[in-house]
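Residue numbers (our numbering): 36 to 144.
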């Protein structure tokens with residue numbers, strides 16, 4: 036059974052970036068917050084892709100990744116393990132929470 040982990044507000048704020056004039060969180064950081072592997076989070080998104088319009092979630096393009104590296108947001112492109120990351124807006128993080136909650140409840144039941 037998953038344990039609930041309390042995260043302070045400042046830790047979350049430090050993982051929010053502005054990309055395409057939107058406040059977003061990188062899939063890896065969101066997965067860490069929810070206590071799941073990034074791979075599992077991305078699989079859940081792909082299984083529920085219709086629930087994630089572009090204003091909820093989008094995949095970063097190379098120039099955006101390069102910008103994050105140049106601004107020292109991430110150490111290098113290798114930080115993402117070779118895959119282009121998804122980023123989630125506030126609406127996307129809420130939707131992802133609901134999906135993760137449903138998946139967790141299905142496993143417990």
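For every residue, glycine included, the Cβ atom is placed at its ideal position computed from N, Cα and C.
8 Å Cβ cutoff met for residue i and residue j
i, j, result
"residue 124", "residue 91", "yes"
"residue 122", "residue 112", "no"
"residue 62", "residue 81", "no"
"residue 73", "residue 66", "yes"
"residue 57", "residue 128", "no"
"residue 50", "residue 87", "no"
"residue 68", "residue 108", "no"
"residue 119", "residue 89", "no"
"residue 83", "residue 134", "yes"
Which of helix, strand or coil DSSP assigns to residue i
i, result
"residue 128", "helix"
"residue 89", "coil"
"residue 109", "coil"
"residue 122", "strand"
Terminal residues of the beta strand (DSSP E) in which residue i lies
i, result
"residue 80", "Run containing residue 80: none in the beta strand (DSSP E); it sits in the alpha helix (DSSP H), 73-82."
For residue i, the first and last residue of its enclosing alpha helix (DSSP H)
i, result
"residue 54", "Looking at the DSSP string, residue 54 is not in any alpha helix (DSSP H); the run it does join, the beta strand (DSSP E), is 51-54."
"residue 47", "44-48"
"residue 65", "62-69"
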